Every structure is written in C-alpha cells, then in structure tokens.
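Q: In full-length UniProt numbering, the protein residues as written are 1 to 55.
Below is a structure I'd like to ask you about.
Right under this line is the structure:
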C-alpha cells in the first residue's frame, strides 16, 4: 500500500536556476515541511528545508 505524504514542483529561481519546490505533510508530522532541492555540482544536490510553526 503506497501512501503519499508530499509533492514537488519544478520552478526557476530569480536567477533562472532550476530547483524542485517540495511540500511534505502527514497527520503524524507536528507541522508541514517546506523544502527546495537544488543541484550543487555534477550529481550533487542539497535539500534546504523549514518547518512551519505549530499554533
């Protein structure tokens, strides 16, 4: 059984650099996770993320 907990969209930065905009959410998470997946060098990527504040 597969369960989806998020999605990613292709976007361009202000400098026309491609990246993936990622959102992860699940009732088990204390808050939604927002991330950007950026290519750093050949075959290397970095995931920059933040979590929204719980109310």
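We put the beta carbon where it would ideally sit given N, CA and C, even for glycine.
These numbers come from a predicted model, not from an experiment.
(1) How big is the Cα-Cα spacing for residue 47 and residue 23?
(2) Determine the closest residue to residue 25 out of 39, 35, 40 and 11, with distance taken between C-alpha atoms.
(3) What number of angstroms, rounded off, separates the C-alpha of residue 20 from the C-alpha of residue 4?
(4) Excluding the 5 residues preceding and the 5 following residue 12 in the sequence, name in chain order all residues of the same chain whose CB lies nearer than 7 Å to its CB.
(5) Enumerate in chain order the residues of its own chain whose CB-to-CB distance from residue 49 is below 8 Å, with the five nearest sequence positions on each side excluded.
(6) Thinking residue 28 and residue 51 are a contact (beta carbons under 8 Å), I'd like their distance in whole angstroms, please.
A: With the given structure in hand:
(1) On the chain shown, residue 47 is found 47 positions in, with the first residue counted as 1. On the chain shown, residue 23 is found 23 positions in, with the first residue counted as 1. Distance between the alpha carbons of residue 47 and residue 23 is about 12 Å.
(2) Sequence index remark: in the chain shown, residue 25 carries index 25 (1-based). When each option's Cα is compared against that of residue 25, the closest is 35.
(3) Here the question's residue 20 lines up with position 20 in the chain shown. Here the question's residue 4 lines up with position 4 in the chain shown. Straight-line Cα distance between these residues: approximately 17 Å.
(4) Along the chain shown, read from residue 1 onward, the residue named residue 12 stands at position 12. Result list for residue 12: 18, in chain order.
(5) Looking up residue 49 in the chain shown gives position 49. Counting only Cβ-Cβ distances below 8 Å, and skipping sequence neighbours, we find 22, 33, 34, 35 and 36.
(6) As a working mapping, residue 28 is identified with position 28 in the chain shown. As a working mapping, residue 51 is identified with position 51 in the chain shown. Actually they are not in contact, since the Cβ atoms of residue 28 and residue 51 sit about 13 Å apart, beyond 8 Å.
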